[in-house]
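A.B. asks: Questions regarding the structure given below will be posed in turn.
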Amino acid sequence: MKRFTLHIVYLFLVVIAVSCAGTMKPMHTERATPGTLSKANESLRELPEPTEPIVAAVYRFRDQTGQYKPSDRMASWSTAVTQGATSILIKSMEDSGWFTPIERESISNLLNERQIIQSIRQQHSGPEGPAPLPPLLFAGVMLEGGIIGYDTNVVTGGAGLRYLATGGSNMFRKDQVTIYLRAVSTQSGRILKTVHTTKSIISQQLEGGAFRFIDTNRLLETEAGYTYNEPPVMAVTEAIDEAVKLLILEGIAEGLWSAQDQDAVIAYREQFEIERKREEQFQRDYFGFIETSAIRSGWHVAIGGVFGSHIGNYSYPSTKAGVMLQVERSLSGHFTVKTNFLRTELGVQRKFSNPVNTAELMLNVYATPDYKLSPYLGIGPGIIAFDKHLDFMEHQFFPVASFEAGLDYRVNDTYGIRLSSHYRYLLKDGLDGVAEGAYNDQQWNVNLGIVIRPGFF
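Residue 3 is where the sequence shown starts when you use the numbering used here, and the numbers rise one by one after that.
As structure tokens, this is what we get:
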């Protein structure tokens with residue numbers, strides 16, 4: 003019966019894996035659709051109308067990185083980013099409504115075509131001669147710049163778990179592309195304004211599988227996976243859209259050009275500043291992570307649950323749940339001091355189980371205190387105490403040396419989540435009533451709690 007149940011479970015896993023693979027539709031084709039707009043394009047289209055569109059020329063907005071796609075197996079001559087950034091920039095200029103783009107990238111082709119038209123008119127014109135072609139528009143502003151950076155493997159990482167050849171893993175990689183855009187006056191050659199934007203490119207892979215023998219002659223193998231690669235061309239498009247929007251807004255602020263409705267400009271800029279502060283653009287480091295230097299300053303309170311056990315002289319100690327309260331105060335930089343209070347139970351199966359209290363004073367050091375997610379380590383003295391003196395124990399209070407390791411994630415300036423593991427080595431043996439062996443008793447627990455930063459601290 004047990005073997006039959008195991009067969010059913012593995013058959014169910016195979017069905018799920020095949021079903022997931024079927025949803026990916028590897029042989030499915032799609033019809034051509036209009037191009038996808040970037041996330042920044044919507045706000046670009048909502049810009050207030052200009053007093054007069056700016057006649058602007060773009061000769062070439064090119065890839066200046068010179069990078070090719072990375073390959074571990076062979077040399078690749080495909081470029082890492084698109085070579086059509088000029089077309090993307092012209093589309094962004096049109097969408098903004100602030101520019102009248104004129105053709106300059108293929109100016110030689112345009113001039114040749116105009117010469118052909120003029121020659122044909124001369125051949126077929128009357129005595130009056132051919133009518134002249136209208137003059138070409140000249141640009142008051144040239145937009146220059148390009149893709150000046152494409153950094154790969156800025157951040158890589160992953161996690162996985164596998165037990166008896168069954169498990170899964172997740173891996174990710176972060177690249178980033180940087181755009182510089184400047185407006186140049188054609189009359190004086192003066193650079194009117196320069197802006198730059200950065201966009202991350204995320205790649206993620208999720209996979210899992212099982213490989214094991216059901217019995218001597220039957221092998222089960224199943225696997226499934228999914229890979230997500232953010233298109234680099236969309237990252238370039240979004241960075242260019244954002245750069246055009248910044249160029250227009252900063253040009254308005256410096257009086258280089260103006261809008262018809264100044265009140266609409268003020269309202270748009272206020273909303274833009276709110277979104278920029280919300281995204282904390284000016285507090286990102288070189289890796290694209292948000293730096294929040296004050297996120298762990300002041301006082302913090304953490305409440306949550308714990309479960310754990312002890313390591314002593316009995317073979318089957320009980321694993322019990324409990325509650326936790328922590329009060330933490332930032333000292334400076336990476337260091338904080340914390341008091342830790344636990345209420346749980348300690349016991350041995352079929353022997354005893356009694357409530358126990360733990361109080362500790364910990365010195366914590368955070369690896370990355372300015373980031374939302376930070377690993378940390380802690381060390382300090384503490385004491386474990388039973389509610390009352392038990393008859394089979396020599397002591398009621400047990401001093402300990404405490405060690406802690408965990409992850410602290412701050413959702414915002416007020417709330418966070420903390421996962422940690424505690425290890426305590428008793429300086430006085432006999433926590434389970436038996437004071438024997440080469441090593442004193444030890445106690446451990448895993449904590450999961452919510453961190454709160456009170457507004458009145």
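All C-beta atoms, glycine included, are put in the ideal place defined by N, C-alpha and C.
Would you identify the three-state DSSP class for D265, choosing helix, strand or coil?
C.D. replies: helix
A.B. asks: Please determine if the region 192–212 and the region 156–176 are in contact, where contact requires at least 3 C-beta pairs separated by less than 8 Å.
C.D. replies: yes
A.B. asks: Nearest-angstrom Cα distance between F284 and Q398?
C.D. replies: Residue placement at F284 is poorly supported in this model, since its pLDDT is 47, which falls under 50; the coordinates are not used for a value here.
A.B. asks: Distance, Cα to Cα, F213 vs T168?
C.D. replies: 6 Å
A.B. asks: Does the beta-carbon of V448 have 16 or more other beta-carbons within 10 angstroms, so that it is buried, or is it exposed?
C.D. replies: exposed
A.B. asks: Does the structure place the region 228–245 close enough to the region 80–90 that three or more beta carbon pairs sit under 8 Å?
C.D. replies: yes
A.B. asks: Under a Cβ-count criterion, where at least 16 other Cβ atoms within 10 Å of its own Cβ denotes burial, should L428 be classed as buried or exposed?
C.D. replies: buried
A.B. asks: Thinking L450 and G307 are a contact (beta carbons under 8 Å), I'd like their distance in whole angstroms, please.
C.D. replies: 6 Å
A.B. asks: In chain order, what are the residue ranges of uninterrupted alpha helix (DSSP H) at least 4 long that sit wholly in the region 194–269?
C.D. replies: The region 194–269 is shown to contain whole alpha helix (DSSP H) runs of 4 or more residues at 234–255, in chain order.
A.B. asks: Taking only three categories from DSSP, how would you classify K176?
C.D. replies: strand
A.B. asks: In the DSSP assignment, find the beta strand (DSSP E) that holds L379 and state where it starts and stops.
C.D. replies: 375–388
A.B. asks: Quick check on DSSP: helix, strand or coil for R164?
C.D. replies: strand
A.B. asks: Using a Cβ-Cβ cut-off of 6 Å (strictly less than) and excluding sequence neighbours within five positions of G148, which residues of its own chain qualify?
C.D. replies: Once the five neighbours on either side are set aside, the close Cβ partners of G148 are F63, R64, Q66.
A.B. asks: Of the choices L46, V325, A269, whose alpha-carbon is the least far from that of D1?
C.D. replies: Nothing can be reported for residue 1: it is not among the residues displayed for the chain, which extend from 3 to 459.
A.B. asks: In chain order, what residues of the same chain have a beta carbon less than 8 Å from the beta carbon of Y417, not counting five sequence neighbours either side?
C.D. replies: I452, V453, I454, R455
A.B. asks: Can you name, in chain order, every residue of its own chain whose Cβ lies under 8 Å from the Cβ of G300, other than the five neighbours on each side?
C.D. replies: R331, S332, R455, F459
A.B. asks: Of the choices Y165, T180, A161, V179, whose alpha-carbon is the least far from that of S171?
C.D. replies: Nearest C-alpha to S171: A161.
A.B. asks: Just to confirm, are W259 and P103 a CB contact at a threshold of 8 Å?
C.D. replies: no
A.B. asks: If I measure Cβ to Cβ from A23 and keep anything under 8 Å in the same chain, skipping five residues before and after, which residues do I get?
C.D. replies: Confidence at A23 is low in this model, with a pLDDT of 49, below 50, so the placement of that residue is unreliable and no value is reported for it.
A.B. asks: Below 8 Å, how does it come out for the region 106–113 and the region 253–269: are there three or more Cβ pairs, yes or no?
C.D. replies: no
A.B. asks: Checking 8 Å against the spacing of the C-beta atoms, do L249 and K195 come in under that value?
C.D. replies: yes
A.B. asks: Return the first residue and the last residue of the alpha helix (DSSP H) that T88 is part of.
C.D. replies: 87–98
A.B. asks: For G380 and W446, what's the separation of their Cα atoms in angstroms?
C.D. replies: 14 Å
A.B. asks: Do you know whose CA, among A141, I56, L433, lies nearest H391's CA?
C.D. replies: Of the listed residues, the one whose Cα sits closest to H391 is L433.
A.B. asks: By how many angstroms is the C-alpha of V179 removed from the C-alpha of Y70?
C.D. replies: 14 Å
A.B. asks: Measuring only the C-alpha atoms, how far is E252 from R345?
C.D. replies: 58 Å
A.B. asks: Taking all protein chains shown into account, do 16 or more other C-beta atoms lie within 10 angstroms of the C-beta of A440, making it buried, or fewer, making it exposed?
C.D. replies: exposed
A.B. asks: Spell out whether any CB of chain C is found under 8 Å from the CB atom of A59.
C.D. replies: The structure shown has no chain C; it contains just one protein chain.
A.B. asks: I'd like the list of long-range same chain contacts for N356, defined as Cβ closer than 8 Å, with 5 residues on each side in sequence excluded.
C.D. replies: E347, L348, G349, F388, D389, L392
A.B. asks: To the nearest angstrom, how far is it from the Cα of E223 to the Cα of Y165?
C.D. replies: 14 Å
A.B. asks: Return the chain-ordered list of same chain residues with a C-beta closer than 8 Å to the C-beta of T321, the five sequence neighbours on each side being excluded.
C.D. replies: F309, G310, S311
A.B. asks: Ordered along the chain, which non-local residues of its own chain (more than five positions away) have a Cβ less than 8 Å from that of F6?
C.D. replies: The pLDDT assigned to F6 is 49, lower than 50, so where the model puts this residue is not dependable, and the model offers no usable value.
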